[in-house]
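Remarks on the structure that follows.
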Amino acid sequence: MAAGRKVMVSNAGLAAAALVALLVVAAASGAAGYRVCNVDKDSVVNSCKSYCTVGSTEAKPSGPCCAAVKGANFKCLCQFKNMLSPDIDGNRAMLIPSKCGDTKAPTSC
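Oh and the sequence shown: position 79 is 65 in our numbering, straight run, nothing missing.
Right, here's the structure in full:
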């Protein structure tokens, strides 16, 4: 990328990626029943990981995934946006809010 050039990325997408990143990191730590930013780690990992895994061909997140991220504090999750695990497709993770019809996700981190 050329110097001084800005890349525009949906901040709601960054928040979604942050959600997945945070929860994958929490899952690796073995913190059972861990809640962060108004979401339950176990619910999101179990419900959303198959959609966000590299190579996934799922057309959209599952109903349980959408339910798991409903009410998430995306602004809180923005602080974790740089923690994506290598097995998570950040582009797919960024689609979760829009694919789930979440109109309350912020547009900027």
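A virtual CB, placed ideally from N, CA and C, is assigned to each residue, including glycine.
Remember, it's a predicted structure, so these values are computed and weren't measured experimentally.
Here the C-alpha atom of Ala58 lies approximately 5 Å from the C-alpha atom of Asn24. Residue burial is scored here from C-beta neighbours: Pro72 has fewer than 16 other C-beta atoms within 10 angstroms and is therefore classed as exposed. Contact between Cys62 and Cys34 fails: their C-beta atoms lie close to 17 Å from each other, not under 8 Å. Judged by DSSP in its simplified three-state form, Asp28 adopts helix. Residue pairing from DSSP places Arg21 in a beta bridge opposite Asp26. Considering only Asp88, Lys90 and Leu81, the residue with the shortest C-alpha distance to Thr39 is Leu81. Taking a C-beta distance under 8 Å as the contact criterion, Ala54 and Ser29 qualify as a contact pair. In this structure Pro47 touches Lys85 by the C-beta definition: roughly 5 Å separates them, less than 8 Å.
A straight line joining the alpha-carbon of Phe60 with that of Thr43 spans about 25 Å.
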